[in-house]
Each structure stands twice: as structure tokens, then as C-alpha cells.
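Have a look at the structure below before the remarks.
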Amino acid sequence: MGKDIGIQVIDNTDQGDVLDLKVQVKRDADIKITTGLVVGHTLEQNKAFLLIGQPNDFKEQPTLGIGFNDNLLDDELLEYRHKIRDQFSRDGLKIKKLELYNINKVQIEAYYE
Numbered sequence: 009m010g011k012d013i014g015i016q017v018i019d020n021t022d023q024g025d026v027l028d029l030k031v032q033v034k035r036d037a038d039i040k041i042t043t044g045l046v047v048g049h050t051l052e053q054n055k056a057f058l059l060i061g062q063p064n065d066f067k068e069q070p071t072l073g074i075g076f077n078d079n080l081l082d083d084e085l086l087e088y089r090h091k092i093r094d095q096f097s098r099d100g101l102k103i104k105k106l107e108l109y110n111i112n113k114v115q116i117e118a119y120y121e
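Residue numbers (the numbering used here): 9 to 121.
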């Protein structure tokens with residue numbers, strides 16, 4: 009199983025909850041829960057977690073995290089282009105395309121090697 013397969017999350021920002029686990033409970037004939045967490049492709053959510061995560065947010069890798077939301081009111085994006093390249097690389101992501109010259113037009117294409 010690759011790094012882009014894992015437990016999926018859902019974005020419930022309209023309900024006040026952010027990034028809840030995606031749960032689809034299935035029960036057997038005795039009404040016991042047999043499965044629940046949804047496992048699938050997580051590439052996009054992994055990229056999002058790296059972008060919004062701050063250093064020390066990830067227990068296994070405390071130096072991982074870009075903290076991009078710190079920059080939302082700033083026009084200086086060069087530092088964040090460097091951070092994205094560095095942090096994505098640390099997580100095993102290879103960047104195919106990174107367009108971050110205008111905060112309103114961000115495009116990041118990356119994949120796991």
C-alpha cells in the first residue's frame with residue numbers, strides 16, 4: 009500500500025467540524041459493526057495537511073508542516089514556495105507543478121514517488 013492510501017477525512021466546514029474522519033458504518037446480521045473507517049486515496053488530503061500543518065503538529069515528524077495559513081495576508085510567496093518544495097520532498101512527494109505567485113491562484117501538482 010502506498011503513501012497515498014489511508015483513512016480518508018471529510019471537510020465539514022459548513023457544519024462547524026473540520027476534517028472529521030470519514031465513517032460509513034456497516035453492520036453484520038447480529039448488528040455488530042464490521043467496518044467503518046473509509047480507506048482510499050488520500051493524496052490531496054495529505055497535501056492539504058502539509059500545507060495547513062505547523063511544525064510539531066505531526067508527532068512522528070515534528071519538523072514537518074508548512075503553516076501556509078500564516079501567509080494568507082502577505083504578498084511574499086517566495087519563502088512559501090521554498091517551504092512547499094522542502095516539506096513535500098520530506099514526505100516523499102515529488103512536485104510536478106508549483107504555481108504560487110498570486111495567493112488567489114495557487115496550483116500544486118505533486119505525487120508520491
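Even for Gly, the Cβ is constructed at its ideal location relative to N, Cα and C.
| Check | Outcome |
| --- | --- |
| Through-space distance from Val46 to Lys30, alpha-carbon basis | 6 Å |
| C-alpha gap between Leu101 and Ile39, whole angstroms | 41 Å |
| Where Tyr88 falls, given that 16 or more other Cβ within 10 Å makes a residue buried | buried |
| Beta-carbon gap between Gln69 and Asp28 smaller than 9 Å | no |
| Contact under 9 Å by Cβ, Glu121 with Gln115 | no |
| Lys102 Cβ short of 8 Å to the ligand MN heavy atom set | In the structure on display, the ligand MN does not appear, and there are no ligands present to speak of. |
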